[in-house]
Amino acid sequence: MHEMSLAQSVVEICAERAGGARVRRVTLEIGALAAVMPDAIRFCFDICTQQTVLEGAVLDIVEIAGRGRCRRCGSELPMPDFLAACGCGSIDIECIEGEALRVREMEVS
Amino acid sequence: MCTTCGCSDAAGVLVRRAAAGRRAAAEQGERQFDYRRLAQHATHEEAGPEERPQPAAGGTVPVEQEILAKNSMLAERNRDGFGQRHILALNLVSSPGSGKTTLLERTIRDLGHELPIAVIGGDQATANDMQRIAATGCKAVQINTGTGCHLDADMVARGLRELAPSSGSIVMIENVGNLVCPALFDLGERAKVALLSVTEGEDKPLKYPHMFRAARLLLITKTDLLPYLDFDIDRCIACARQVNRDIEVIRLSAKQGDGLNLWYDWLRTENVRAGAGAAA
C-alpha cells in the first residue's frame, strides 16, 4: 500500500515546514488519476501523525477530476480513467489534469 | 518517525549482498550476507539548532509541495550517478511470477560477457531471487522491503552503495512484484520495463493502466506456453497501446530463447544511448 509511504511524506513535509509549531489542518490535492485512494491516505495519515507535531490534525483532501485533451481533434473532455474516448472517435487522449499529488497548505498554531 | 527524513519508513528495510546459491548460503549461514541495518538519523542529528527551521507563524501556511518531491530528488541523484558512470539503469516491473528473475538469469548468461550486468532485487522477504542471480556470477544485492510494497529511490541508493556497479555496466532493478505501487516511484532509472506473462490476462494493461503508462517497453514473456493457452497476444498489445500509445513491445520466451535477440538488441541500443547521453 503506497498510501502509507505517501502519508509519511506528507507528515515529513508539513513537520519540516512547521518547524516545531503544532499543525492543526492539512490540505492535500489528489488527482483522480493519481493512483491514490483518498480513504487509504486518511487511514494512513492518522497512523503516521501519531507522536508528531501533526497529531490530531484534520486532513482535508481536495480531489481533482481528470481532464484530457484529444490529440486528434484538440477537444478537451472529462477523463474519469485512462480509457476515455473523444466524441470524434479517437482514444488518443493526453491527460492534462488529474494526476496531482500535492500538499496545498496547512494551518498551524 | 524522524520528521527530517522519514527514517522509520526504512527501519524495516534490509539491504544485503547476495551469495551465489542457496547451498552456499545454507553452508555458511547468515554470516554469508553483509546484513546492514540501515543507518538511521546520524547525519541530521549533527545539525545544530540554528540550522533547524524556524517555527511557522500561526494561521494558514501555503505549502504547495509535491508529495513525492523527496523521492523525485533522490531519484534524480541516482540518475545523475548513473549518467556520470555511463550506467544504463532499468526498472523491471510486473506481477509476481511473470518471469523477471528467469529473464535476468538468461540475459546475464547470454549477454554478460558483452555487457556487464549487476542487479538490485526487491522483495518483501528472502534473498532467494538474488541468490539465483548471484549464481550466474554477477553482482547482486537484495533489498527486503519488509511490509513495503515497492522500492523507492532511497532504497535503491542504499542498494547501489552495496552493489558498487562498474562504469559502463547495466543495472537491472528488479522491483517488488506488484503492478500498482511501483508505478508511482521514480528510482532514477532510464526506463521502466514491464513484463506480462501469457499466463496472465491479456487485458491486464487496462486493469493496471498506471503501470503500463509508466513503462517504455513491454515484454510479453513465456510465449513458449502459448499453444496451451487462449491468450490473445494481439489483443494484449492493443490493450497496452490503449493506455500507452508509444509503448514498445517484445514477445519472448526466456526458456526457449524465442525473441531474446530483440530484447538484447534493445538493451544494446539503450546502453549506447545511455553512454552517449552521459558524454553529451
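Protein chains in written order, with our numbering: chain A, 897 to 1005; chain B, 632 to 911. Ideal Cβ placement from N, Cα and C applies to all residues, glycine included.
Open item on the list: Going by beta-carbon coordinates alone, are residue 877 (chain B) and residue 883 (chain B) separated by less than 8 Å?
Closed with: no
TODO: Indicate whether at least one CB of chain B lies closer than 8 Å to the CB of residue 975 (chain A).
DONE: no
- [ ] For residue 910 (chain A), return the contacting residues in chain B, with the cut-off set at a CB-CB distance below 8 Å.
- [x] 694
Task: Proximal chain B residues relative to residue 1002 (chain A), where beta-carbon distance stays under 8 Å - done: 691, 692, 694
- [ ] Assign residue 875 (chain B) to one of two classes, buried (16 or more other C-beta atoms within 10 Å of its C-beta) or exposed (fewer than that).
- [x] buried
- [ ] Note the first and the last residue of the continuous alpha helix (DSSP H) segment covering residue 923 (chain A).
- [x] No alpha helix (DSSP H) contains residue 923 (chain A), which is instead part of the beta strand (DSSP E) from 919 to 927.
TODO: Give me the Cα-Cα distance between residue 887 (chain B) and residue 712 (chain B), rounded to the nearest whole angstrom.
DONE: 36 Å
Task: residue 897 (chain A) beta carbon near the ligand PLP (any heavy atom closer than 7 Å) - done: You won't find the ligand PLP in this model; it holds no ligand whatsoever.
Task: Paired residues, beta bridge with residue 991 (chain A) - DSSP - done: A:964
Task: Against chain A: residues of the segment 765 to 789 of chain B by CB proximity under 9 Å - done: 778, 779, 780, 781, 783
TODO: Mind listing the chain B neighbours of residue 897 (chain A)? Cutoff is C-beta to C-beta under 8 Å, in chain order.
DONE: 780, 812
Task: Proximity test, Cβ basis, 8 Å: residue 804 (chain B) and chain A - done: no
Task: Interface residues of chain B facing residue 987 (chain A) [CB-CB closer than 7 Å] - done: 873
TODO: Could you tell me which chain B residues have their CB closer than 7 Å to the CB of residue 978 (chain A), listed as they occur along the chain?
DONE: 840, 844, 874
Open item on the list: For the segment 907 to 921 of chain A against the segment 947 to 964 of chain A, do three or more pairs of beta-carbon atoms, one drawn from each stretch, fall closer than 8 Å, so that the two count as touching?
Closed with: yes
- [ ] Closer than 8 Å by beta-carbon distance: list the chain A residues that pair up with residue 698 (chain B), in chain order.
- [x] 902, 905, 906, 909, 924, 997, 998, 999
Task: Buried or exposed by the 16-neighbour rule on C-beta atoms within 10 Å, applied to residue 690 (chain B) - done: exposed
Open item on the list: So the candidates are B:904, B:905, B:907, B:899; which of them puts its Cα closest to the Cα of residue 745 (chain B)?
Closed with: B:899
Open item on the list: So residue 701 (chain B) contacts chain A; which residues on that side make the cut at Cβ distance below 9 Å?
Closed with: 905, 908, 909
Task: Endpoints, the beta strand (DSSP E) within which residue 972 (chain A) is located - done: 972 to 974
Task: For residue 829 (chain B) and residue 862 (chain B), believed in contact at Cβ under 8 Å, the rounded distance - done: 4 Å
Open item on the list: Please report whether the beta-carbon of residue 815 (chain B) lies at a distance below 8 Å from any beta-carbon of chain A.
Closed with: yes
- [ ] Answer with yes or no whether the minimum CB distance from residue 971 (chain A) to chain B is below 8 Å.
- [x] no
Open item on the list: Assess contact between the segment 971 to 979 of chain A and the segment 930 to 948 of chain A, defined as three or more Cβ pairs (one per stretch) separated by less than 8 Å. Is contact present?
Closed with: no
Open item on the list: Distance cutoff 8 Å, beta carbons only. Does residue 963 (chain A) sit that close to anything in chain B?
Closed with: no
TODO: Identify the contact partners of residue 931 (chain A) in chain B, using a Cβ-Cβ distance below 8 Å as the criterion.
DONE: 811, 814, 815, 841
- [ ] Going by CA-CA distance only, name the one from B:726, B:708, B:734, B:706 that's closest to residue 894 (chain B).
- [x] B:734
Open item on the list: Please classify residue 694 (chain B) as buried or exposed, where buried requires at least 16 neighbouring CB atoms within 10 angstroms.
Closed with: buried
Open item on the list: In this structure, how does DSSP classify residue 779 (chain B) when only helix, strand and coil are distinguished?
Closed with: coil
- [ ] Specify, as a first and last residue, the run of the alpha helix (DSSP H) that residue 701 (chain B) falls within.
- [x] 700 to 715
Open item on the list: Relative to the C-alpha of residue 645 (chain B), which candidate in B:901, B:777, B:709, B:760 has its C-alpha closest?
Closed with: B:777
Task: Sequence-distant residues of its chain with Cβ nearer than 6 Å to residue 739 (chain B) (five each side left out) - done: 748, 767, 769
Open item on the list: Using 8 Å as the threshold, is the C-beta distance between residue 991 (chain A) and residue 964 (chain A) below it?
Closed with: yes
Open item on the list: Here's a check: name, in chain order, each residue in its chain whose Cβ is nearer than 8 Å to the Cβ of residue 846 (chain B), leaving out the five neighbours to either side.
Closed with: 724, 822, 823, 824, 825, 875, 878
Open item on the list: Please tell me whether residue 837 (chain B) has its Cβ less than 8 Å away from any Cβ of chain A.
Closed with: yes
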